[in-house]
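I have placed the structure first, in the form of structure tokens, so that the comments after it can refer back to it.
Quick look at the structure:
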């Protein structure tokens with residue numbers, strides 16, 4: 299029997315350690331999403347409504363809960379490797395600012411418990427956390443995908459009512475680079491951030 303077959307047989311006969319690892323991963327990933335939800339609800343109830351202050355409050359939370367370097371590489375696809383280091387850093391910085399500003403702008407007026415985690419599943423490599431946001435005027439279903447990166451679980455994609463943020467960014471950014479070039483993409487991110495800040 300080959301070593302590979304022997305390992306597969308061992309896993310099949312004794313799945314306990316794998317299940318324990320998956321259960322631990324699911325619990326840790328779920329906690330990351332819960333921390334994000336709590337931060338958004340706390341921000342929405344803050345006495346100071348200024349978006350720049352909401353941004354400052356959320357920035358460390360988003361940096362800790364999202365794998366923005368992975369997202370940056372993924373959405374630019376093959377273009378990422380052709381960029382100089384300073385270009386990569388410029389894109390990542392603008393992407394992070396836009397991401398935080400979008401959260402700061404969109405999630406306002408939430409009450410405690412507006413977010414509810416409804417389920418979580420996965421393995422030791424990847425976890426999906428399902429959640430719902432319910433307010434007096436809307437209901438949004440969220441699906442978070444997380445992987446383990448830089449010593450903790452981090453979000454790499456969010457689906458809102460079935461629409462993938464990662465897929466939208468990848469399509470939009472690739473089109474801009476192809477049609478207008480990288481500098482135009484950076485300007486596009488600046489404009490989007492300004493729109494969120496003024497909304």
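Residue numbers (this note's numbering): 299 to 497. The beta carbon of each residue, even a glycine, is placed where N, CA and C say it ideally should be.
What is the DSSP secondary structure of residue 477, counted as helix, strand or coil?
The sequence position of residue 477 within the chain shown is 179, counting from 1. Note: residue 477 maps to helix in three-state DSSP.
Starting from the C-beta of residue 342, find all residues in its chain whose C-beta is less than 7 Å away, skip the five residues before and the five after it, and write them out in chain order.
Taking the first residue of the chain shown as position 1, residue 342 is located at position 44. Counting only Cβ-Cβ distances below 7 Å, and skipping sequence neighbours, we find 405, 406, 407, 408.
Going by DSSP in three states, residue 352 sits in which element: helix, strand or coil?
Taking the first residue of the chain shown as position 1, residue 352 is located at position 54. Note: residue 352 maps to helix in three-state DSSP.
So, does the region 320-337 touch the region 407-422, judging by three or more C-beta pairs under 8 Å?
As far as the Cβ criterion goes, the region 320-337 touches the region 407-422, which means the pair count is three or higher.
When DSSP builds the beta bridges, which residues end up paired with residue 413?
Position 115 of the chain shown, counted from the start, is the residue given in the question as residue 413. Partner(s): 431.
Per DSSP, what kind of secondary structure is residue 421 in: helix, strand or coil?
For this step, residue 421 is matched to residue 123 along the chain shown. Of the three classes helix, strand and coil, the one that applies to residue 421 here is coil, per DSSP.
For residue 434, which residues in the same chain have their Cβ closer than 8 Å to its Cβ, ignoring the five residues on either side in sequence?
Translated into positions along the chain shown, residue 434 becomes position 136. So the list is empty, once near-sequence residues are dropped.
Roughly how many whole angstroms lie between the Cα atoms of residue 464 and residue 454?
Reading the chain shown from its first residue, position 166 is the one you call residue 464. Reading the chain shown from its first residue, position 156 is the one you call residue 454. Approximately 8 Å, taken between the alpha carbons.
Name the two residues that bound the continuous alpha helix (DSSP H) containing residue 384.
Along the chain shown, one-based indexing puts residue 384 at 86. Segment 383-404, the alpha helix (DSSP H) holding residue 384.
Run the CB neighbour count on residue 365, radius 10 Å, all protein chains shown included, and call it buried at 16 or more, exposed below.
Numbered from its first residue, the chain shown carries residue 365 at position 67. Buried, by the Cβ-count rule.
Quick one: residues in its chain with C-beta nearer than 6 Å to the C-beta of residue 398, no 5 flanking neighbours on either side, listed in chain order?
Stepping through the chain shown from its first residue, residue 398 is reached at position 100. Taken in chain order, the residues that qualify are 353, 356, 357, 360.
Just the Cα atoms here: how many angstroms apart are residue 472 and residue 448?
Here the question's residue 472 lines up with position 174 in the chain shown. Here the question's residue 448 lines up with position 150 in the chain shown. One C-alpha to the other measures close to 27 Å.
Mind reading off the beta-carbon distance from residue 458 to residue 427? Whole number of angstroms is fine, and I expect it under 8 Å.
As a position in the chain shown, residue 458 is number 160, starting the count at 1. As a position in the chain shown, residue 427 is number 129, starting the count at 1. At roughly 13 Å, the Cβ-Cβ gap does not stay under 8 Å, so residue 458 and residue 427 are not in contact.
Let's test the definition: count the other Cβ atoms within 10 Å of the Cβ of residue 488 and tell me whether it reaches 16, buried, or not, exposed.
On the chain shown, position 190 is the one that residue 488 refers to. Exposed, by the Cβ-count rule.
In the DSSP output, which residue or residues are listed as bridge partners for residue 336?
Within the chain shown, numbered from 1, the residue matching residue 336 stands at position 38. DSSP lists no partner for residue 336.
Does DSSP classify residue 439 as helix, strand or coil?
For the purposes of this step, residue 439 is identified with residue 141 of the chain shown, where counting begins at 1. Strand at residue 439.
With DSSP collapsed to three states, give me the class of residue 344.
On the chain shown, position 46 is the one that residue 344 refers to. Coil.
Hey, residue 351 and residue 370 are a contact pair by Cβ (cut 8 Å); roughly how many whole angstroms apart?
Locating residue 351 in the chain shown gives position 53, counting from the first residue. Locating residue 370 in the chain shown gives position 72, counting from the first residue. With 8 Å as the limit, residue 351 and residue 370 do not qualify as a contact, their Cβ atoms being about 26 Å apart.
Where does residue 467 sit, in a helix, a strand or coil, going by DSSP?
As a working mapping, residue 467 is identified with position 169 in the chain shown. Residue 467: helix per DSSP, three-state reduction.
By how many angstroms is the C-alpha of residue 476 removed from the C-alpha of residue 402?
Along the chain shown, one-based indexing puts residue 402 at 104. Along the chain shown, one-based indexing puts residue 476 at 178. If you take the alpha carbons of residue 402 and residue 476, they lie about 30 Å apart.
Identify every residue that forms a DSSP beta bridge with residue 446.
What you label residue 446 is simply residue 148 of the chain shown in a count that begins at 1. Answer is 451.
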